[in-house]
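The structure under discussion appears below in the form of structure tokens.
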Amino acid sequence: MMKKSISASKASLVLFLCQMIFALDVPLDSKLLEELSQPPTITQQSPKDYIVDPRENIVIQCEAKGKPPPSFSWTRNGTHFDIDKDAQVTMKPNSGTLVINIMNGGKAEAYEGVYQCTARNERGAAISNNIVIRPSRSPLWTKEKLEPNQVREGDSLVLHCRPPVGLPPPIIFWMDNAFQRLPQSERVSQGLNGDLYFSNVQPEDTREDYICYARFNHTQTIQQKQPISVKVFSMDSLNDTIAANLSDTDIYGVKPVTERQPILLTPTGSTSTKVELRGNVLLLECIAAGLPTPVIRWIKEGGELPANRTFFENFKKTLKIIDVSEADSGNYKCIARNILGSAHHVISVTVKAAPYWITAPRNLVLSPGEDGTLICRANGNPKPNISWLANGVPIAIAPEDPSRKVDGDTIIFSHVQERSSAVYQCNASNEYGYLLANAFVNVLAEPPRILTPANKLYQVIADSPALLDCAYFGSPKPEIEWFKGVKGSILRGDEYVFHDNGTLEIPVAQKDSTGTYTCVARNELGKIQNEVRLEVKDPTMIIKQPEYKVIQRYGQVSFECIIKHDFTLLPTVIWLKDNDELPDDERFLVGKDNLTIMNVTDKDDGTYTCIVNTTLDSVSASAVLTVVAAPPTPAIIYAQPNPPFDLELTGQLERSVELSWIPGDENNSPITNFVIEYEDGLHEPGVWHYQTEVPGTQTTVQLKLSPYVNYSFRVIAVNEIGRSQPSEPSEQYLTKSANPDENPSNVQGIGSEPDNLVITWESLKGFQSNGPGLQYKVSWRQKDVDDEWTSVIVANVSKYIVSGTPTFVPYEIKVQALNDLGYAPEPSEVIGHSGEDLPMVAPGNVQVHVINSTLAKVHWDPVPLKTVRGHLQGYKVYYWKVQSLSRRSRRHVEKKILTFRGNKTFGMLPGLEPFSSYKLNVRVVNGKGEGPASPDKVFKTPEGVPSSPSFLKITNPTLDSLTLEWGSPTHPNGVLTSYILKFQPINNTHELGPLVEIRIPANESSLILKNLNYSTRYKFYFNAQTSVGSGSQITEEAVTIMDEAGILRPAVGAGKGYSETLFATSPVMHTVRPTFYKVQPLYPRIRNVTTAAAETYANISWEYEGPDHANFYVEYGVAGSKEDWKKEIVNGSRSFFVLKGLTPGTAYKVRVGAEGLSGFRSSEDVFETGPAMASRQVDIATQGWFIGLMCAVALLILILLIVCFIRRNKGGKYPVKEKEDAHADPEIQPMKEDDGTFGEYRLFSFVSSAPF
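Residue numbers for the sequence shown, in my numbering: 258 to 1509.
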């Protein structure tokens, strides 16, 4: 039979139909598959590397299809596996899948090995991959002794995980004892090997619960490494530790944290290599140490990182490239950089490849005597080796087949016979893996079969191609013939195309092509035929297409789309604008045969397309719409529209009328809407009210009317420019009267006097009256009393006063409108009250509870509501200070008032003055005013801490003494018990020396301090005390004068003890030379608690003498408060602590204690938030003039020393040694060198200005 050449557009169809015969997955129907013989094909198998859970049964899959159904056998480690001899192994029915029973006594380790399945029937044998069975393992962590990691701040650190070797390898992560993942950052991160890397450690890294976890997914178990302890020593703590362990003369400071340029923690060295397989994920890692923390950057030498496949993980420390290929081989450089420099490492990557298919062998279905080939082509790195097997046996030792010839990666078949059917296996392998593919050669002798359903209907449009299918199968390949009609002649000629897959193509179908067509398939084994039907439909046409339109802005345009179609087809019409859906705009109206656009704007400019679809065809037509402005000449004048005219009222009814009008000229700007207004000539002549508005395309409107209104209407046109003048009024229309439709609103009842009730309301508007004679019926009755309604009818008012009512009782009130035709609907009731009067009684049982020296709580019993005689608004508390208990002086009484809303029966009185006598009373309040006052209640506030002394002056400085004068506190807030004076020296670096404390009687006002260091600045802290505690302190600084002779003069009373000491003081150190000593304290103690306060925090420091390794805590609270002390634990054995979150301008008490020493704590200290550090002005030590002055002073001192040396050699004697012997102190304390830090202690004494 002659065959026409097949066009390129039909090539894909031809290929598909050809594969139905020759491909493995032939699309044959199920009935045909049941009848045809077929060699086995493996359809499902377990993975090559099969890791199983040792606690569960092992299932090794092997499923295959074939005709007849195949039988299955297995090999294990290359030898036959007889499953009948192993009670733990079974094979599923009609399947090759093995089930190894582990849960009933079997051990997974015993079945570890390499398994292979064979599926066999009379036409051949197919084999599975080699399936390697390995049970998963999750071993325990080996026991190891982990030493604590002690690291200096800023150094790098690596915490090793070293998980147990499992199968498959575990997933590693780090958590703490609370099972919370440890936070990671650019500074701290986990490496690919599971170790935790610190680029530099910080004090916050100190913790004892760094725990590495290994999760084994197959067994769903997690193993935990022993916790790792890390302690980071900061520079401050290292200095403290060194100072505590070295002799005083050897004290030196550890250098502060130094910045370091990056070095790589992993990988080590400057270069390394990495081999990865094609298709895998390439992971490269660089982790660096350094301070500041280095930043990692990756580059590929001589190339670019592959786009769309490159990702950065772990804060850019890991480079990830997915789906790698040989082109990704090369040198990858990671660069770690910080501000001090950089380090780099080059990783040489080689991409190898396990075998992968170029052409996998495909099943062959041949008829006897035909030829064919099996091709097996694979690639890899290195190049894979190709080997063939036949029915699972190497082809070299397989039974010979004269029709078969092996040529490398190809097997050539010539003149095959039915006995040539077999399954061939191609194995492509290299050192990185292997590929195994089964492909059968099936030699069949089958009579023709037609697979296209009988009497299938095909529908096409006239003048288009028609394709009539005749899918067939047979071996040898059948010949196909087509006939028109059951007994028609064979089809031939140029008007037909016959495809190899049996399809008949009619390139140009006409109406006369309609009919029945018969397909006949025949080969040497038989013949078969099938009939199909073809219907040719009339095409769909657009007989009137949309046309090009030019429209002025704000105009209206319409496109037509009239169609003609086959009557058996149902069309659908769709409109598009610029090939997209129409805008969702109500201006676009789609009709049956047209599209209308109202009020056209510039954005409507574009191409409009009408698309008509049926089940067989689709046609479309387009037209362009151009939106233009008005013609340029004459010039367009835009203005507000002219007023409408010719207003007419029609369809007059009692409650409605229809108004129509003619629009005036729109003046080149379309009218957007009309506004309708009305005038009520009966009630408000000359006043026009808004009625409604309608779109600009509408010229009639139905208006709702009210009764008893003499209506006139006018219309105003609106465009974008503005509003027109109103039209002339329409004729008048008087509506009929009716009962009122509504009642007055906002009805209220509020008494203005104790014996009346004032009822008010908002009157109805004129047109709301609905008729003449508008009046109001006002009704009232007392609530909750069985009274009848009392009513009056009033007119032209909006208020009515009811007299003679009881004081403040509730009333039910209603106001109803009426006119000459009748009443409005029944009104709703409201509740009002008659007038209020002043409350009758005062609150009773007034009690005062003093909370502290500045706060009290007052209680009272509520008054009976009947005595309030009005709306209860609350209670007022009047309170005033009578006198201060510490001064006995009276002053002007200033009463204070606190109001407590509602029915509250207690309140707090803040801002009281300590140690004072107060009075108060309570009164109830209603809308009328206040009731009588309760009897005055007297209460007293307790003592509080005093305010700071009114002043502190330091006068008369000498070489070794200063005179202090002070004023008593402005607010003593109690009885003063004493004054506390603390002072300490300040060196030239603004550091504070040891603190000395003196307690002074309350009746003193001055003090002379003696035996001070000459030419030394001292800071003084001075505060007063009551029995409650210490008040806020006042500070001052003063300097003793310089010894003009350059030597220390003997102290007054040297050799005789202290100068006239009028009350006991603490012993003080005295020495001449700055010699250091260490004295072991006899008992533990905390002393010299000092505070330096700012607005919201305070630095607390102290001195401790006692056993080492004491754990301290700080307790604090508001001075004078009875609240419990707040406690803060001090981290480590530090002798300082910062209290945060304090209230500005508040006095606090503080003390320090040691854990484990019951009752052992320091004495209390009081401070006030605010700046308390030694003043730190501009450091004059760096000023040029000061340096010059100091050089001159040094020169003078040198001259004085020379003079002294000469005089001493002449026999001069000074009593320094005598002074030292006379003032030797039994408590020797360690001191610092006289190098600008704190100098020696000296004895001091003072002389009071008033005796005891």
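Yeah, the Cβ is synthetic: ideal placement off N, Cα and C, and Gly gets one too.
Quick caveat: nothing in here was measured; it's all calculated off a predicted structure.
Tell me which residue opens and which closes the alpha helix (DSSP H) that residue i is part of.
i: T1124; result: L1122 to V1125
Between the beta-carbon of residue i and the beta-carbon of residue j, is there less than 8 angstroms?
i: V1115; j: V1125; result: no
i: K1133; j: V1182; result: yes
i: N302; j: T332; result: According to the sequence shown, residue 302 is Gln rather than Asn. The answer is no: Cβ separation not under 8 angstroms.
i: A617; j: N687; result: no
i: Y715; j: R810; result: no
i: N976; j: P898; result: yes
i: G411; j: V514; result: yes
i: K1138; j: Y1175; result: yes
i: I1016; j: I1088; result: no
i: I524; j: P551; result: Before going on, a small fix: residue 524 reads as Pro here, not Ile. Going by C-beta atoms, P524 is not nearer than 8 angstroms to P551.
i: A365; j: P311; result: yes
i: V608; j: D580; result: no
i: L828; j: T866; result: For clarity, residue 828 is Pro in the given sequence; the question names Leu instead. In this structure, T866 does not lie closer than 8 angstroms to P828 by Cβ.
i: P997; j: N1027; result: yes
i: E923; j: P986; result: no
i: Y470; j: I485; result: no
If you follow the beta strand (DSSP E) that residue i is part of, which residue opens it and which one closes it?
i: I485; result: I485 to F490
i: H940; result: From DSSP, H940 is part of no beta strand (DSSP E); its letter is neither H nor E.
i: N780; result: G772 to N780
i: W398; result: W398 -> no beta strand (DSSP E), and no H or E assigned at all.
i: P1206; result: P1206 to T1212
i: D466; result: R464 to F473
i: W555; result: V552 to K557
i: N588; result: G587 to N595
i: E254; result: Because the chain in this structure spans residues 258 to 1509, residue 254 falls outside the shown range and cannot be described.
i: I737; result: E736 to K741
i: S456; result: That residue, S456, is in no beta strand (DSSP E); it is neither H nor E in DSSP.
i: S230; result: With the chain covering only 258 through 1509, there is no way to say anything about residue 230.
i: Q407; result: N406 to R409
i: H601; result: G598 to T616
i: K821; result: I819 to K821
i: I1386; result: K1383 to I1386
i: L904; result: F902 to T907
i: Y865; result: G863 to N870
Report, in whole angstroms, the separation of the C-beta atoms of residue i and residue j, which I expect to be a contact under 8 angstroms.
i: V698; j: L621; result: 5 angstroms
i: G1188; j: L1095; result: 6 angstroms
i: G1377; j: S1110; result: 6 angstroms
i: Q1140; j: G1184; result: Their Cβ separation, rounded to whole angstroms, is 37 angstroms, which puts Q1140 and G1184 out of contact at 8 angstroms.
i: G1374; j: Y1405; result: 7 angstroms
i: I428; j: R377; result: Rounded, the Cβ-Cβ distance is 42 angstroms, inconsistent with contact.
i: L1216; j: Y1275; result: At roughly 13 angstroms, the Cβ-Cβ gap does not stay under 8 angstroms, so L1216 and Y1275 are not in contact.
i: P296; j: G381; result: 4 angstroms
i: T992; j: Y1033; result: The Cβ separation is near 22 angstroms, so there is no contact.
i: I317; j: L355; result: 4 angstroms
Any contact between the stretch 841-851 and the stretch 912-927? By contact I mean 3 or more CB pairs, one from each, below 8 angstroms.
no
Would the stretch 638-649 and the stretch 676-685 be scored as touching if the rule is three or more Cβ pairs under 8 angstroms?
yes
Could you tell me which whole alpha helix (DSSP H) segments of length 4 or greater appear in the stretch 1053-1125?
1122-1125
Inspect the CB distances between the stretch 772-786 and the stretch 801-817 and report whether three or more fall short of 8 angstroms.
no
Would the stretch 1349-1361 and the stretch 1388-1399 be scored as touching if the rule is three or more Cβ pairs under 8 angstroms?
yes
Flag this pair as touching only if the stretch 475-482 and the stretch 438-456 have three or more C-beta atom pairs under 8 angstroms; answer yes or no.
no
Three or more C-beta pairs closer than 8 angstroms, one from the stretch 1453-1463 and one from the stretch 1225-1240: is that the case here?
no
Return the chain-ordered ranges of every beta strand (DSSP E) run that is complete within the stretch 657-698 and spans a minimum of 3 residues.
661-664, 667-670 and 679-687
I'd like the ranges of any beta strand (DSSP E) spanning at least 3 consecutive residues and lying wholly in the stretch 911-939.
913-919 and 928-937
At which residue ranges does the stretch 1011-1057 contain complete beta strand (DSSP E) runs of 3 or more residues, listed in the order of the chain?
1013-1019, 1032-1039 and 1047-1051
So within the stretch 1132-1177, which uninterrupted beta strand (DSSP E) runs reach at least 3 residues, ignoring any that extend past its ends?
1153-1158 and 1163-1166
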